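Down below is the structure, laid out as structure tokens.
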Amino acid sequence: MPYYIWLVVSALLSLYGVITYWPNYSPDDEMVLFNDVATAIFFTPSFFILFLSMILQAAILGLKRYRAFRRVLYILIYPANVALFYVITMNLMPISTIIILVLAGSVVAVLHYFLSYLFKN
1 MPYYIWLVVS
11 ALLSLYGVIT
21 YWPNYSPDDE
31 MVLFNDVATA
41 IFFTPSFFIL
51 FLSMILQAAI
61 LGLKRYRAFR
71 RVLYILIYPA
81 NVALFYVITM
91 NLMPISTIII
101 LVLAGSVVAV
111 LHYFLSYLFK
121 N
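Here it is in structure tokens:
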């Protein structure tokens, strides 16, 4: 039971982080630095937890009998997340910053995934 509560709370907090801190810059934006910090600290981890860790958790729960399909999903989901994150942020930041954010978000998502796995067992 704590595992499912953990998943629901994680999904809701990640969804809130993605929606609230979605990087949107306008030409007359006065707080560009705040948007960069909000993207780095809130949006990136929320994005990777929601679209990497939570999708892998759903694959574990929903595809128990289809091990081969789960393995393919594990291999394909990460590049899809990186590509989606790049599409969202490509006009907002230099590629070096995006690479650092992808690596940091990936670490957070993997930690969340393993913590969820520990809750499950």
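Per full-length UniProt numbering, the sequence shown starts with residue 1, numbered consecutively. C-beta: ideal position from N, C-alpha, C; glycine also. These numbers were taken from a predicted model, which means no experiment stands behind them.
Check                                                                                                                                                     : Outcome
State whether the stretch 63-80 contacts the stretch 14-23, with contact taken as three or more CB pairs (one from each stretch) at a distance under 8 Å. : no
Quick check on residue 145: buried or exposed, where buried means 16 or more other Cβ atoms within 10 Å of its Cβ?                                        : The displayed coordinates of the chain run from 1 to 121. Any statement about residue 145 would go beyond what the structure contains.
Less than 8 Å between the C-beta atoms of LEU52 and ASN81, yes or no?                                                                                     : yes
Ends of the alpha helix (DSSP H) at PRO2?                                                                                                                 : 2-20
Measuring only from the beta carbon, is ASN35 closer than 7 Å to any heavy atom that is part of the ligand NAD?                                           : The ligand NAD is not part of this structure, which contains no ligands at all.
If you reduce the DSSP assignment to three classes, tell me which class PRO94 lands in.                                                                   : coil
Look at the alpha carbon of ILE5 and the alpha carbon of VAL110, and state the distance between them as a whole number of angstroms.                      : 19 Å
Roughly how many angstroms separate the alpha carbons of TYR25 and LEU92, rounded to a whole number?                                                      : 8 Å
Rounded to the nearest angstrom, what separates PRO23 and PHE34 at their Cα positions?                                                                    : 10 Å
Quick check on PRO94: buried or exposed, where buried means 16 or more other Cβ atoms within 10 Å of its Cβ?                                              : exposed
Anyone know if the C-beta pair for ALA11 and MET54 falls short of 8 Å?                                                                                    : yes
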